[in-house]
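A quick write-up on the structure given underneath.
Residue numbers (this note's numbering): 21 to 453.
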């Protein structure tokens, strides 16, 4: 309870920083991504290290490790001149106040709290705003990195940041990306067109942002607006992508809308061009998966086995690079199962079922795939039903939940099935909740 907190703790709780922003999601996966970004030139280096400091503490509970990243953020944000000691340091100094408190260094925590207060006094929020635009901007940038339900909050923060400083190209880019991620897939035609125009405007303000250009092409492909010009633009863009390959996923989606084989060819070319880039290998693995599922009923046995061998090899490599890439491990278990390697599939599924921090959608996918494995490969239809029930019990709407519900309804409609009454009662309870 707040009444049991010390004055210092209450002041820390009132700060605007990563430790008070209620962030949630697959932080292991995000940590892998951010660490890789930190090994290349990065336009948002200060924000990156700020977020890495928080995530590192969230995972390891080691304030010492977090402090290392936050000090790097402080150096990056200050730059090489005194102008750096401005409002863009507000979040960083608040983070440092938190970490020194967690280290038990109360005096240092108090000193950073005083520095935050000094910065707030020297650089107050504009009239009509609760926070300085720099804080809104970093808050938006941070939240757009997390789960879908946080993206709407990122939109709100970028809009407030731009009201305070309409000329910041990074915030125009952030707002366009946040709107795309939060709203595009579920929006009607009018909203999708509005978001496409928002991305186009941001692209004109930030013309060197290749990731934004790639998102623009993907959005056009999603509404069926591929033209000779956009195809040429996509081929040009993929040649301009730099190490880390931000935008490759979106460009491959665009090519897939033309031809899966073309997308797979481009993915293979990018791995050959950048053999040390893990993200390129992750995407190549994904496109091998797409090819396998498309080819299951159309290709000869030898061709499919060769394709499965390639897919398994690269997924094994990628999941070694990214140990918290659980969706990739689920795919690997599924390919093991399809290829007849039941023993490896069993072991990987058992390992995944022991993981405690899977998000609801990933957990649904795991239960669904394992249920199919039990039914078709292990010949255990009764046990398979138990896992379809587990999928249905998670209230998150997904393709897997819809398919599991179909399976359960099929059982409920078969009066001669020994679990018919049980499943009917189970489905009724779900409807009533």
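Where is the CB? At the ideal position from N, CA and C, for every residue including glycine.
Residue 76, buried or exposed, once every other Cβ within 10 Å from all chains shown has been counted against 16: Stepping through the chain shown from its first residue, residue 76 is reached at position 56. Label assigned to residue 76: buried.
Determine the contact status of residue 356 and residue 332, defining contact as a CB-CB distance below 8 angstroms. As a working mapping, residue 356 is identified with position 336 in the chain shown. As a working mapping, residue 332 is identified with position 312 in the chain shown. Yes, Cβ-Cβ distance for residue 356 and residue 332 is below 8 angstroms.
Same chain, Cβ closer than 6 angstroms to residue 342, neighbours up to 5 away in sequence not counted: Start at 1 with the first residue of the chain shown, and residue 342 comes out as number 322. Answer for residue 342: 52, listed in chain order.
Taking the alpha-carbon of residue 419 as reference, which of 385, 441, 450 has the nearest alpha-carbon? Along the chain shown, one-based indexing puts residue 419 at 399. Here the closest residue by C-alpha is 385.
With a cut-off of 8 angstroms on the beta carbons, I'd call residue 403 and residue 348 a contact; round off their distance for me. Within the chain shown, numbered from 1, the residue matching residue 403 stands at position 383. Within the chain shown, numbered from 1, the residue matching residue 348 stands at position 328. Residue 348 and residue 403 do not touch by the CB rule: their CB atoms are close to 25 angstroms apart, not below 8 angstroms.
If you run the structure through DSSP and keep just helix, strand and coil, what is residue 145? Taking the first residue of the chain shown as position 1, residue 145 is located at position 125. Correct three-state label for residue 145: coil.
Can you tell me which of 450, 63, 32 puts its alpha carbon nearest to the alpha carbon of residue 226? The sequence position of residue 226 within the chain shown is 206, counting from 1. When each option's Cα is compared against that of residue 226, the closest is 63.
Can you check whether the CB of residue 327 is closer than 8 angstroms to the CB of residue 307? If you number the chain shown from 1, residue 307 lands on position 287. If you number the chain shown from 1, residue 327 lands on position 307. No. Outside cutoff.
Does the region 31 to 42 come close enough to the region 152 to 163 that 3 or more CB-CB pairs lie under 8 angstroms? yes
Would you report the Cα separation of residue 13 and residue 247, rounded to the nearest angstrom? Within the shown structure, residues of the chain are numbered from 21 to 453, placing residue 13 beyond reach of any answer.
Option in 232, 436, 369, 375 with minimal Cα separation from residue 46: Taking the chain shown and counting its residues from 1, the one referred to as residue 46 is at position 26. When only C-alpha atoms are compared, the closest one is 375.
Measuring only the C-alpha atoms, how far is residue 200 from residue 68? Along the chain shown, read from residue 1 onward, the residue named residue 200 stands at position 180. Along the chain shown, read from residue 1 onward, the residue named residue 68 stands at position 48. Rounded to the nearest angstrom, the two C-alpha atoms are 21 angstroms apart.
Option nearest residue 26 by Cα separation, candidates 48, 37, 121, 372: Locating residue 26 in the chain shown gives position 6, where the first residue counts as 1. Checked all of 48, 37, 121, 372; the closest Cα to residue 26 is 121.
What residue range is occupied by the uninterrupted alpha helix (DSSP H) comprising residue 34? As a first step, residue 34 must be located in the chain shown, where it is residue number 14. Unbroken run through residue 34: none, as it is neither H nor E.
Three-state class that DSSP yields for residue 410 in the structure shown: Counting from one through the chain shown, the residue named residue 410 turns up at place 390. Residue state, collapsed to three classes: helix.
Contact defined as beta carbons within less than 8 angstroms: I believe residue 267 pairs with residue 239. What is the distance between those atoms, to the nearest angstrom? Along the chain shown, one-based indexing puts residue 267 at 247. Along the chain shown, one-based indexing puts residue 239 at 219. Rounded, the Cβ-Cβ distance is 13 angstroms, inconsistent with contact.
Terminal residues of the alpha helix (DSSP H) in which residue 284 lies: As a position in the chain shown, residue 284 is number 264, starting the count at 1. Start and end: 280 to 293.
Can you look up residue 24 in the DSSP assignment and give me helix, strand or coil? One-based indexing of the chain shown puts residue 24 at position 4. Three-state DSSP puts residue 24 in a helix.
Look up residue 231 in the DSSP assignment and say whether it is helix, strand or coil. On the chain shown, position 211 is the one that residue 231 refers to. If DSSP states are grouped into helix, strand and coil, residue 231 belongs with the helices.
Exposure of residue 24, with buried meaning 16 or more beta-carbon neighbours within 10 Å: Translated into the one-based positions of the chain shown, residue 24 becomes position 4. Looking at its Cβ environment, which holds fewer than 16 other Cβ atoms inside 10 Å, residue 24 is exposed.
Where do the ends of the alpha helix (DSSP H) carrying residue 113 lie? Counted from its first residue, the chain shown places residue 113 at position 93. 110 to 122 is the extent of the alpha helix (DSSP H) around residue 113.
Measure the C-alpha to C-alpha separation of residue 329 and residue 312 and round it to an integer number of angstroms. What you label residue 329 is simply residue 309 of the chain shown in a count that begins at 1. What you label residue 312 is simply residue 292 of the chain shown in a count that begins at 1. Taking the straight line joining both Cα atoms gives about 10 angstroms.
Write down every uninterrupted run of the alpha helix (DSSP H) in the region 149 to 218 whose length is 4 residues or greater and which is fully enclosed by it, in chain order. Qualifying alpha helix (DSSP H) stretches, in chain order: 153 to 163, 168 to 184, 189 to 199.
Please state whether the Cβ-Cβ distance between residue 409 and residue 446 is less than 8 angstroms. For the purposes of this step, residue 409 is taken as residue 389 along the chain shown, with counting starting at 1. For the purposes of this step, residue 446 is taken as residue 426 along the chain shown, with counting starting at 1. For residue 409 and residue 446, yes; Cβs fall inside 8 angstroms.
Assuming residue 230 contacts residue 261 under a Cβ cut-off of 8 angstroms, what Cβ separation, rounded to an integer in Å, is found between them? As a position in the chain shown, residue 230 is number 210, starting the count at 1. As a position in the chain shown, residue 261 is number 241, starting the count at 1. At roughly 6 angstroms, the Cβ-Cβ gap stays under 8 angstroms, so residue 230 and residue 261 are in contact.
What are the boundary residues of the alpha helix (DSSP H) that residue 449 is part of? Numbered from its first residue, the chain shown carries residue 449 at position 429. Looking at the DSSP string, the run of the alpha helix (DSSP H) that includes residue 449 is 440 to 452.
Give the DSSP-derived three-state secondary structure of residue 433 in the structure shown. The count along the chain shown starts at 1 and reaches residue 433 at position 413. Residue state, collapsed to three classes: coil.
Using 8 angstroms for Cβ pairs, my map puts residue 154 next to residue 108. What's the rounded Cβ distance? Translated into positions along the chain shown, residue 154 becomes position 134. Translated into positions along the chain shown, residue 108 becomes position 88. Contact flag correct, Cβ pair sits at about 5 angstroms.
Taking one C-beta from the region 166 to 182 and one from the region 197 to 213 each time, how about it: are there three or more such pairs within less than 8 angstroms? yes
For residue 97, collect the residues of the same chain with a Cβ closer than 7 angstroms to its Cβ; drop the 5 residues on either side in sequence, then sort them by chain order. One-based indexing of the chain shown puts residue 97 at position 77. For residue 97, where only same-chain residues beyond five positions count, the Cβ hits under 7 angstroms are 66, 104, 108, 109, 112.
Let me make sure I understand the geometry here. Which of 430, 378, 394 has the alpha-carbon closest to that of residue 48? For the purposes of this step, residue 48 is identified with residue 28 of the chain shown, where counting begins at 1. Taking only the C-alpha atoms, the option nearest residue 48 is 378.
Under 8 angstroms between C-beta atoms, does residue 375 make it to chain C? No chain C is present in this structure, which holds just one protein chain.
Within a Cβ cutoff of 7 angstroms, which residues of the same chain sit near residue 143, ignoring the five residues on either side of it in sequence? Within the chain shown, residue 143 is the residue found at index 123, counting from 1. In its chain, beyond the 5 residues on either side, 106, 107, 152 have a beta carbon closer than 7 angstroms to the beta carbon of residue 143.
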